[in-house]
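Those protein sequences? They're chains D and L, same order as listed. Mapped onto this note's numbering, the consecutive letters of the first sequence carry residue numbers 1 to 379. Mapped onto this note's numbering, the consecutive letters of the second sequence carry residue numbers 1 to 401. Presented below is the structure to which this report refers.
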Amino acid sequence: MPITVNSADEAAAAADDAQTISADEIALYDRQIRLWGVKAQEKLRSAKILLVTAKALANEIAKNLVLAGIGSLTIADHEQVSGDDLCSQFFVSEEDIGKNRAVATAPRIRELNPRVAVHVESIDVRTRGAEYFAPFDIVIITEADLDTITSINTHTRLSNRPLYATASHGFYGYIFADLISHDYVIQRDKSNVPTALKAETSTRSVVAATTRKENGKVVEIVTKRETYSPIALVNTAPLPAEHLKNRRRLRQVTPLLTCIRALWEFQRLSNNALPSHSHADVELFTTLATAKHKELQLPPETLTSEFLRSFLQNIGAELAPATAFLGGVLAQDVINVLGGREQPIQNFLLLDAAESKAPVYSLHPPTNSEDGLVVPVFV
Amino acid sequence: MGREAYPKQSLGSLYRRIKESRVLLVGAGGIGCELLKNLVLTGFGEIHLVDLDTIDLSNLNRQFLFRHEHIKKPKALVAKGVAGKFNPNVKLEAYHANIKDPMFNIDWFQGFSLVFNALDNLEARRHVNKMCLAADVPLIESGTTGFNGQVQVIKKGRTECYDCNPKETPKTFPVCTIRSTPSQPIHCIVWAKSYLFTEIFGTSEDDAPEFDHSEDSENSEEIEKLRQEAQALKRIRQSIGSPDFARKIFEKIFGEDILRLRSMEDMWKSRRAPEPLDFDKISQQALVIDTSVTQKDQTAWSLPENFVVFSDRYDFLERLRLGELINCSLRRLSARLQDAQAKAANGDVSPVLTFDKDDDDTLEFVAASANLRSIVFGIETKSKFDIKRELPRKELVDGMY
Chain D
1 MPITVNSADE AAAAADDAQT ISADEIALYD RQIRLWGVKA QEKLRSAKIL LVTAKALANE
61 IAKNLVLAGI GSLTIADHEQ VSGDDLCSQF FVSEEDIGKN RAVATAPRIR ELNPRVAVHV
121 ESIDVRTRGA EYFAPFDIVI ITEADLDTIT SINTHTRLSN RPLYATASHG FYGYIFADLI
181 SHDYVIQRDK SNVPTALKAE TSTRSVVAAT TRKENGKVVE IVTKRETYSP IALVNTAPLP
241 AEHLKNRRRL RQVTPLLTCI RALWEFQRLS NNALPSHSHA DVELFTTLAT AKHKELQLPP
301 ETLTSEFLRS FLQNIGAELA PATAFLGGVL AQDVINVLGG REQPIQNFLL LDAAESKAPV
361 YSLHPPTNSE DGLVVPVFV
Chain L
1 MGREAYPKQS LGSLYRRIKE SRVLLVGAGG IGCELLKNLV LTGFGEIHLV DLDTIDLSNL
61 NRQFLFRHEH IKKPKALVAK GVAGKFNPNV KLEAYHANIK DPMFNIDWFQ GFSLVFNALD
121 NLEARRHVNK MCLAADVPLI ESGTTGFNGQ VQVIKKGRTE CYDCNPKETP KTFPVCTIRS
181 TPSQPIHCIV WAKSYLFTEI FGTSEDDAPE FDHSEDSENS EEIEKLRQEA QALKRIRQSI
241 GSPDFARKIF EKIFGEDILR LRSMEDMWKS RRAPEPLDFD KISQQALVID TSVTQKDQTA
301 WSLPENFVVF SDRYDFLERL RLGELINCSL RRLSARLQDA QAKAANGDVS PVLTFDKDDD
361 DTLEFVAASA NLRSIVFGIE TKSKFDIKRE LPRKELVDGM Y
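Set out below in C-alpha cells:
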C-alpha cells in the first residue's frame, strides 16, 4: 500500500517506524532484549544471513537465528534428504527422504518465527562467484571441506563479509571465524586504572573508551577491534606464542586440532572422501595426523592411539548434543557480532564433547613484531 | 542406515544403555526444550517430562518446541507432542504437574536411571536434589542467566550435592513472589520495604530494584489485580493521621487482600494458603504488651508484639486522638510525614519519607509488617536485628533525579 506523506518530517517519522521495533516484537523478544538491548535487536532484524548445507548443525544455527529474529535466512543445499539425516536432524522426517534438503527443512524453520523471511536455494554454492555472497551480512558454511571453505572465504574477503565455517563429527567439531576486522563494544564498571588506546593482544586493540553515569555508577564503554586471518593462512598457522613458549600449555592443546587439519589434508588427497575404516585409510590418516601434530610443535605423546581411534570412529556422524552446542555457540557469536557487542570467537573453537571441553585458539600467521608485517613461515 | 546409524557409530556400546534407559526431565522451558530434543534425537528409550507451566508469548523466542497457537497450553504436553515426532522410537510420558506433588515420591524417582533438572527456581531444584539423594539416582543439574550457564552432576556419595554449597539469596524477586506467594522471610521483608512502606509513606515505586518484572507478562491477570490493590492502598493513605488509620491499613493488607489471594484456589494447591489476621482479636491480645518491646531487638517478636510495633494497642489509639506521644512506628511515621507536609511551602512537591535501615522508625515499621505478613503465610518470623541485616544499606540516589 503506498504511503502518502505531507511533509519531510512525516516522511522521516514513517521511515523511523519501519526501522523501530513494534510493541508486539518487544513482547515476543522481551527476554533477549533485556539481555542485549533494543539497538542490537534492531540490527538483528535487518540482518541477511546465508547458511550453507542444511544438516544437523545448520538446523541448530537456523533455529537459533530465526528464533532471535534476524531479517532473512537463505538456506543453500544441493543434496537430497537421506535416511541418515533423520538421526540428528529435527526439521526432516521420513516423508522428506529424497527431497532437496533445503526445500524440506525450510517450512519447519519458517514455523519457528513467521517474522523472518526464509529463502531456499537448491544450488551448490561452490559454483557461484563473489557477487553471490556480497548481499549477505554474514555467511555461514557448515560441513564443508577445506577447499570449499577456502574458495568461499576468498569471495567473502573480496566483498568484505564476515564468514563462519563449522563442522561436526560425532563428539567432535570446530567453529572457524573470519570477521576480517570487527569492532565491538563492551561495558564495564570503570576501573581506577585508565584505559589506554593500545593493542591488548596480537589481534585485539582498544580503539575508543568513553564513560557514562548509570544508576550512580560510572560505566565505561570500550570499543575494541579484532583482526582476523583467512582460512588459507589459519590452516597452516602455528599456535600462539604463549603456547609455544610453555611446554605445560602445549601438552594441554587438544589433539583434535591436529586431527581436523589431518582430515582436511586427507580429503584433499582423496578427492574429498572421508576416511573409511579400511586399513589403508587408517594408515594414511595416522601418517597425516602425526605430521600435522609435529608441524604444530605438539608433544608426540599427546596424539594417542585412543584419540585417533575415537576421532576416526566419529567421522561423518551427527550427534544432537554436540551439534546443539556448536550451533548454540555459533549463533550466539553471530548475534553478538551483528549487535556489535561482546568479545567474538577469535578464531578457532574446537569442541571435544567426550572431554566436555571447547577451547578457542587464536591461529594466525606469525607477525614480525617490529614492523607489523605478515611474514609467512615455511617449514 | 536410518535413525540409529549415527548414534550407534559415535556412541558404540554405550548406545544400547542409552536405548534401554528410562530418564526424567524436570522442566520444559528454555533448557528443557533443548535438552528434550537432544535426548529424543540421541535415542534415550523412555523419557518422562514434568512441568507445571503453561506457554506464554515471551517463551517463544527460545523455547522452540512452542508456537503462537500453543499459548496458554501446558508446556509438558505440547513439548511431548512436538518432540515426539523427532524420533518415533522414543517413549515419551508428560505430566502437567508440580514436581513437588506427593505423587512423585521416592519410589517413583527410583524408577529412573538418570534425572535432569532444567528448572528456574531454587526451591524446586532443592526438592529434586533431595529426592534424587534419597532415591540414589544420579542428577544432572543445570541453569542459565544471559550468556552464562552451568551444569553440575550430582551423585550420592560421589559428588557434592546441590545444597552442599549455600546458595546466595537472589537480590531480585518476581513480583508475584513478593506480592502473592511469599515463601521466605526475605520475601516479606522486601514486601514491607519496597511495597507497603513506599505506598504509605513514599512515592509508590513500581520499579523498586528488588522487583523482577521478567515474569509479569506470564501472570498478567494477577499483576493487574495487584495494581488495583496498590491503588486501593493509596486511597487509604489519604486518611493518614485519622484515628482509625492503623485499623484501615491493617484490615486492608492483612485482611481483605489476603482473602482475595486465598480465593485463588489454584495458587494454593501445593502451598499453604494464607490466613488473614483479625484486627480486633489481636488488639485484645496486645493489651498486655508494653511498647518497650521495640527494645527487644534480638529475638523474634510474637504476633501481638508485632502488632503493637506495627500499629498500636487499641487503647493507645484512643489516647492518640488526645495527642499523646506513643511509641508506635506507624503513628510516628504518619506524624513525621504530616509534619513534613505542613512545613512544605505551597506548590512544592509533596514531601515523602524514605526508608533507611538506620532510622529506627522506618526499620521497626518494616520489621513488624514483614513479620505480620510472615505469620499470615506461615513463614518463620525474624528479629528486628536479623531483618536489619537482611536489608540493603541506604540507597545512594543520583542527584540528577
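No residue lacks a Cβ here, since even glycine has one placed at the ideal position from N, Cα and C.
Name the one or two DSSP bridge partners that residue 352 of chain D has.
By DSSP's assignment, residue 352 of chain D forms a beta bridge with D/172, D/357.
Would residue 142 of chain D pass as a contact of residue 58 of chain D if the rule is Cβ separation under 8 Å?
Cβ distance < 8 Å, so residue 142 of chain D and residue 58 of chain D count as in contact.
Of all Cβ atoms in chain D, is any one closer than 8 Å to the Cβ of residue 147 of chain L?
yes
At which residues does the beta strand (DSSP E) containing residue 209 of chain D begin and terminate?
Counting along the chain, the unbroken beta strand (DSSP E) around residue 209 of chain D starts and ends at 204 to 214.
Whole-angstrom distance between residue 102 of chain L and residue 276 of chain L, CA atom to CA atom
27 Å
Are three or more beta carbon pairs between the stretch 192 to 207 of chain D and the stretch 319 to 328 of chain D nearer than 8 Å?
Note that the stretch 192 to 207 of chain D does not touch the stretch 319 to 328 of chain D; fewer than 3 beta-carbon pairs, one per stretch, sit closer than 8 Å.
In chain order, what residues of the same chain have a beta carbon less than 8 Å from the beta carbon of residue 202 of chain L, not counting five sequence neighbours either side?
352, 353, 354, 355
Apply the 10 Å Cβ neighbour rule to residue 47 of chain D and answer buried if 16 or more other Cβ atoms are within range, or exposed otherwise.
buried
Take residue 19 of chain L and list the residues in its own chain whose beta-carbon comes closer than 6 Å to its own, dropping the five residues that flank it on each side.
43, 45
Which value, in whole angstroms, describes the spacing of the CA atoms of residue 182 of chain D and residue 227 of chain D?
6 Å
Counting pairs of Cβ atoms below 8 Å between the stretch 103 to 122 of chain L and the stretch 4 to 24 of chain L, do you hit three or more?
yes
Measuring alpha carbon to alpha carbon, tell me which of D/68, D/37, D/298 ends up nearest residue 241 of chain D.
D/298
Measure the beta-carbon distance from residue 329 of chain L to residue 185 of chain L and round it to whole angstroms, keeping in mind my assumption that it falls under 8 Å.
Actually they are not in contact, since the Cβ atoms of residue 329 of chain L and residue 185 of chain L sit about 19 Å apart, beyond 8 Å.
Using DSSP with H/G/I as helix, E/B as strand and the rest coil, what is residue 242 of chain L?
coil
Does residue 84 of chain D have its Cβ less than 8 Å from a Cβ in chain L?
yes
Would a check of beta-carbon distances place residue 259 of chain D closer than 8 Å to chain L?
Residue-level contact by beta carbon fails for residue 259 of chain D and chain L, as no gap is shorter than 8 Å.
Contact with chain D by residue 36 of chain L, beta-carbon distance below 8 Å
Contact with chain D is absent for residue 36 of chain L, since none of that chain's Cβ atoms lies less than 8 Å from the residue's Cβ.
Residue 190 of chain D and residue 211 of chain D: beta carbons closer than 8 Å?
In this structure, the beta-carbon distance from residue 190 of chain D to residue 211 of chain D falls below 8 Å.
Let me know if residue 182 of chain L comes out buried or exposed under the rule of 16 or more other beta-carbons within 10 Å of its beta-carbon.
buried
If you draw a straight line from the alpha carbon of residue 3 of chain L to that of residue 226 of chain L, how long is it in whole angstroms?
51 Å
Where residue 316 of chain L falls: helix, strand or coil (DSSP)
Low confidence applies here, because residue 316 of chain L scores a pLDDT of 42, under 50, leaving its location unreliable and the question unanswered by this model.
Around the Cβ of residue 266 of chain L, are there at least 16 other Cβ atoms within 10 angstroms (buried) or fewer (exposed)?
exposed
Residue 316 of chain L to residue 100 of chain L, Cα distance in whole Å?
With a pLDDT of only 42 at residue 316 of chain L, under 50, the local geometry of the prediction cannot be trusted, and no value is derived from it.
Which residues bound the beta strand (DSSP E) around residue 121 of chain D?
First-last of the beta strand (DSSP E) with residue 121 of chain D: 117 to 121.
Just to confirm the assignment: which complete alpha helix (DSSP H) runs, minimum length 4, are found wholly within the stretch 79 to 150 of chain L?
DSSP assignment within the stretch 79 to 150 of chain L yields the following whole alpha helix (DSSP H) runs of 4 residues or more, N-terminal first: 106 to 110, 122 to 135.
Chain L within 8 Å of residue 188 of chain D, Cβ atoms only
no
Could you please tell me which residues of the stretch 55 to 89 of chain L, in chain order, have their CB closer than 7 Å to any CB of chain D?
57, 58, 60, 61, 62, 64, 67, 85, 86
Rounded to whole angstroms, what's the CA-CA distance from residue 255 of chain D to residue 307 of chain D? Just pull it up for me.
Counting only the Cα atoms, residue 307 of chain D lies some 8 Å from residue 255 of chain D.
If distances are taken between C-alpha atoms only, which option among D/31, D/203, D/35, D/127 comes closest to residue 365 of chain D?
D/203
Measure from the alpha carbon of residue 157 of chain L to the alpha carbon of each residue in L/135, L/177, L/380, then state which is nearest.
When each option's Cα is compared against that of residue 157 of chain L, the closest is L/135.
Apart from the five residues just before and just after residue 193 of chain L, which ones in its own chain have a Cβ nearer than 7 Å to its Cβ?
Contacts found: 355, 366, 391.
Does DSSP put residue 272 of chain L in a helix, a strand or coil?
If DSSP states are grouped into helix, strand and coil, residue 272 of chain L belongs with coil.
Do residue 237 of chain D and residue 223 of chain D come within 8 Å of each other at the CB atom, strictly closer than that value?
no
Quick one: what does DSSP say residue 313 of chain D is sitting in, helix, strand or coil?
It is helical.
Where residue 306 of chain L falls, given that 16 or more other Cβ within 10 Å makes a residue buried:
buried
Let me check understanding here. Comparing Cα to Cα, which of L/339, L/137, L/331, L/197 lies closest to residue 22 of chain L?
Minimum Cα distance to residue 22 of chain L is reached at L/137.
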